[in-house]
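Chemist: If you read the protein sequences in the order shown, they are chains A and B. Going by this note's numbering, the residue at position 34 of the first sequence is 258; the numbering climbs one at a time, nothing skipped. Going by this note's numbering, the residue at position 29 of the second sequence is 253; the numbering climbs one at a time, nothing skipped. All C-beta atoms, glycine included, are put in the ideal place defined by N, C-alpha and C. Below: one structure in structure tokens.
2 protein chains.
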Amino acid sequence: MDNKILTQVKFDENGLVPVIVQSAGNREVLMLAYMNAEALTRTLETGKMHYYSRSRKKLWMKGEESGNYQEVKDMYIDCDNDALLFVVEQKGGACHTGHYSCFFRKLNDKKDEFLVTGKKVFDPDEVYKK
Amino acid sequence: MDNKILTQVKFDENGLVPVIVQSAGNREVLMLAYMNAEALTRTLETGKMHYYSRSRKKLWMKGEESGNYQEVKDMYIDCDNDALLFVVEQKGGACHTGHYSCFFRKLNDKKDEFLVTGKKVFDPDEVYKK
């Protein structure tokens, strides 16, 4: 991977950049996560999505525990260089709840509650065994 | 708008939540922006996307200057309640550069530079007249 790409990305004051992940198949938006420079480097080197977890304060590869890897198809950068969009092949589902997308709840017509509209594709109790 | 929705969203330490905006038509991801509680309230009340500009430190309605409004079709919340996805009808283009999407540059196969692949739909010099 060329350093030109890394230097072009504007990481924030915490060294992170927000990343939108979209399914190559149905164009569904799967999740929003964050990368630091190392996560971006590994993602581009391996072709598999890596992130930085703000809660666990560590690098992780999507699917390392669940097997639900995300294979990079395309990467885009926005006009301000401070947000990235990755189009991926999602194995299984993206969400730790077992849903295909993390955005599985939609605002109802009355605008007073979110209803589950996304499909569940795996059982998290089976996949995240301790 | 019901307060239940506002209290469900986890705004960050700056009172902001990241918002992914996707085109209802071709499912293209248009932009990533931020909302505070007031921007979210106005968005849901008016049906037109409002954001909080971190650089200008103020609320703004997309299209207020350019006429390129974004009409809300659907709103989703993610599993952690800390990111929103809006599906919108985009008038004109979303990007201040004149492109339909802010993600108009794609990483090339050699992974050493971004190439413009998105379409330009308006002339910013015409639209943002002073």
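By the 10 Å Cβ neighbour count, where 16 or more other Cβ atoms means buried, how is B/D302 classified, buried or exposed?
Modeler: On the second sequence, position 78 is the one that residue 302 of chain B refers to. With 16 or more Cβ atoms within 10 Å of its Cβ, B/D302 is classed as buried.
Chemist: Using three-state DSSP, classify A/R329 as helix, strand or coil.
Modeler: In the first sequence, residue 329 of chain A corresponds to position 105, counting from 1. A/R329 falls in the strand class under three-state DSSP.
Chemist: Going by Cα to Cα distance, which pick from A/K281, A/M285, A/A248 and A/M255 is closest to A/T265?
Modeler: As a position in the first sequence, residue 265 of chain A is number 41, starting the count at 1. A/M285 is the residue among A/K281, A/M285, A/A248 and A/M255 whose C-alpha sits nearest the C-alpha of A/T265.
Chemist: Out of B/M299, B/Y258, B/K343 and B/E237, which one is the CA nearest neighbour of A/A307?
Modeler: Indexing the first sequence from 1 puts residue 307 of chain A at position 83. For A/A307, the nearest C-alpha among the options comes from B/Y258.
Chemist: Thinking C-alpha only, which one of A/D236, A/Q246 and A/Q232 is nearest A/A324?
Modeler: Counting from 1 along the first sequence, the entry for residue 324 of chain A is found at position 100. The sequence shown places Tyr at residue 324 of chain A, not Ala. Per the Cα distances, A/Q246.
Chemist: Given that B/T267 touches chain A, what residues does it touch there, using C-beta distances under 9 angstroms?
Modeler: Here residue 267 of chain B is taken as the residue at index 43 of the second sequence, counted from 1. What B/T267 touches in chain A: nothing, since even the nearest Cβ is about 11 angstroms away.
Chemist: What three-state label does DSSP hand A/L309 in the structure shown?
Modeler: In the first sequence, residue 309 of chain A corresponds to position 85, counting from 1. Strand, per DSSP.
Chemist: Can you name, in chain order, every residue of its own chain whose Cβ lies under 8 angstroms from the Cβ of B/V312, other than the five neighbours on each side?
Modeler: On the second sequence, position 88 is the one that residue 312 of chain B refers to. Only V245, Q246, S247, A248, L254, M273, Q294, E295, V296 and K297 meet the Cβ criterion.
Chemist: Are A/L230 and A/A263 close, meaning C-beta to C-beta below 7 angstroms?
Modeler: Your numbering for residue 230 of chain A matches position 6 in the first sequence. Your numbering for residue 263 of chain A matches position 39 in the first sequence. Their beta carbons are not under 7 angstroms apart, which means A/L230 does not touch A/A263 by this criterion.
Chemist: Can you give the Cα-Cα distance for B/C319 and B/E288, rounded to whole angstroms?
Modeler: Position 95 of the second sequence, counted from the first residue, corresponds to residue 319 of chain B. Position 64 of the second sequence, counted from the first residue, corresponds to residue 288 of chain B. Each residue's Cα considered, the two are about 13 angstroms apart.
Chemist: Is the Cβ-Cβ distance between B/F328 and A/L309 less than 7 angstroms?
Modeler: Counting from one through the second sequence, the residue named residue 328 of chain B turns up at place 104. Counting from one through the first sequence, the residue named residue 309 of chain A turns up at place 85. In this structure, A/L309 does not lie closer than 7 angstroms to B/F328 by Cβ.
Chemist: Across which residues does DSSP place A/V245 in a beta bridge pair?
Modeler: As a working mapping, residue 245 of chain A is identified with position 21 in the first sequence. DSSP, once it has assigned bridges, lists A/M255 and A/F310 as partnering A/V245.
Chemist: So, helix, strand or coil for A/L240, using DSSP?
Modeler: Your numbering for residue 240 of chain A matches position 16 in the first sequence. A/L240 falls in the coil class under three-state DSSP.
Chemist: Under three-state DSSP, which class holds A/V351?
Modeler: Position 127 of the first sequence, counted from the start, is the residue given in the question as residue 351 of chain A. Looking at A/V351 - three-state DSSP - the assignment turns out to be helix.
Chemist: On the premise that B/L339 lies in contact with B/K353, defined as a C-beta separation below 8 angstroms, what is that separation, rounded to the nearest angstrom?
Modeler: Looking up residue 353 of chain B in the second sequence gives position 129. Looking up residue 339 of chain B in the second sequence gives position 115. About 30 angstroms separates the two Cβ atoms, so there is no contact after all.
Chemist: Short of 6 angstroms in beta carbon distance, which residues of its chain neighbour B/G239, apart from the five on each side in sequence? Order them along the chain.
Modeler: Walking along the second sequence from the start, residue 239 of chain B turns up at place 15. Cβ within range, chain order: N260.
Chemist: Closest to B/L256 by CA distance: which of A/T267, A/V241 and A/E252 is it?
Modeler: As a position in the second sequence, residue 256 of chain B is number 32, starting the count at 1. That would be A/V241, whose Cα lies nearest to the Cα of B/L256.
Chemist: Mind checking which residues open and close the beta strand (DSSP E) that includes B/E295?
Modeler: For the purposes of this step, residue 295 of chain B is taken as the residue at position 71 of the second sequence. B/E295 -> beta strand (DSSP E) spans Q294 to I301.
Chemist: Just to check, is the beta-carbon of B/R278 closer than 6 angstroms to a non-hydrogen atom of the ligand GTP?
Modeler: The ligand GTP is not among the ligands present in this structure, which contains no ligands whatsoever.
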